[in-house]
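Colleague: I'd like to ask some things about the structure below.
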Amino acid sequence: MNNKNLTIKNLVKEIFFLPDGTEINIKEFHENHDGHFHVQTQLIFRGEKEQENIYIIKKPVNEITANDIKRLKKAVKLEKRKLHPVLGPVFRFAGWWVAFTGLYSMFAVCPFCGQAGCVVGAGSAGVVGGFFALIMQYGKTALSFFKSRVLNIKT
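With the numbering used here as the guide, the letters of the sequence shown map in order to residues 9 to 163.
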């Protein structure tokens, strides 16, 4: 094992706060795609629970710095947040809600008084945006649930 690999392993353990029993393997791959030469480094973490995590940094081993590993940790945290069973759907719903509410309120007037920018119109835009966000996020699940219930009733 060369000195650079040892340095990277120490940086990874320090930045990711890995326990002492974690095994870190570093592999470098050289690929040629249609005349373009690519080098990427694969970091494999294997903990005490035999769970293996594989991460790729698209740089050769010699060019990896502490900032690259910090960016990798930030990306891993973001991906874990997206896949969280509670927070992931909440953030996706909030994003769709804001998008549909903004789109609806940008092109609509108040359904009650007919003015643009009315408080009641903004509230109704929020309700409509929330409805469409629910359909966007859970519509397929609801549709398949109703289809299965209808099919079960008919058979």
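Ideal Cβ placement from N, Cα and C applies to all residues, glycine included.
Owing to the predicted nature of the structure, the values given are computational and were not obtained by experimental measurement.
Look at the alpha carbon of A133 and the alpha carbon of G29, and state the distance between them as a whole number of angstroms.
Modeller: The straight-line gap from Cα to Cα measures roughly 54 Å.
Colleague: Near P68, which residues of its chain fall below 7 Å by C-beta distance, leaving aside the five closest residues on each side in sequence?
Modeller: Excluding sequence neighbours, P68 sits near E36, V47, T49.
Colleague: Can you give, in chain order, each stretch of the beta strand (DSSP E) that sits fully within the region 30-70 and has at least 3 residues?
Modeller: You should have 31-41, 44-54, 60-65.
Colleague: Buried or exposed: S152, going by 16 or more other Cβ atoms within 10 Å of its Cβ?
Modeller: The residue is exposed, with fewer than 16 neighbouring Cβ atoms inside 10 Å.
Colleague: Which residues in the same chain have their Cβ closer than 8 Å to the Cβ of E60, if we skip the five residues on either side of it in sequence?
Modeller: The answer, listed in chain order, is I52, F53, R54.
Colleague: Under 6 Å Cβ to Cβ from T163, same chain only, skipping five residues before and after it: list those, please.
Modeller: With a pLDDT of 43 at T163, under the threshold of 50, the modelled position of that residue is not reliable, and the figure given next carries that caveat. Result list for T163: empty, nothing under 6 Å.
Colleague: Would you report the Cα separation of A150 and V128, rounded to the nearest angstrom?
Modeller: Going by the C-alpha atoms only, they are around 29 Å apart.
Colleague: Report the option in N40, K66, I32 whose CA atom is closest to the CA atom of E56.
Modeller: Of the candidates N40, K66, I32, the one whose C-alpha sits nearest the C-alpha of E56 is I32.
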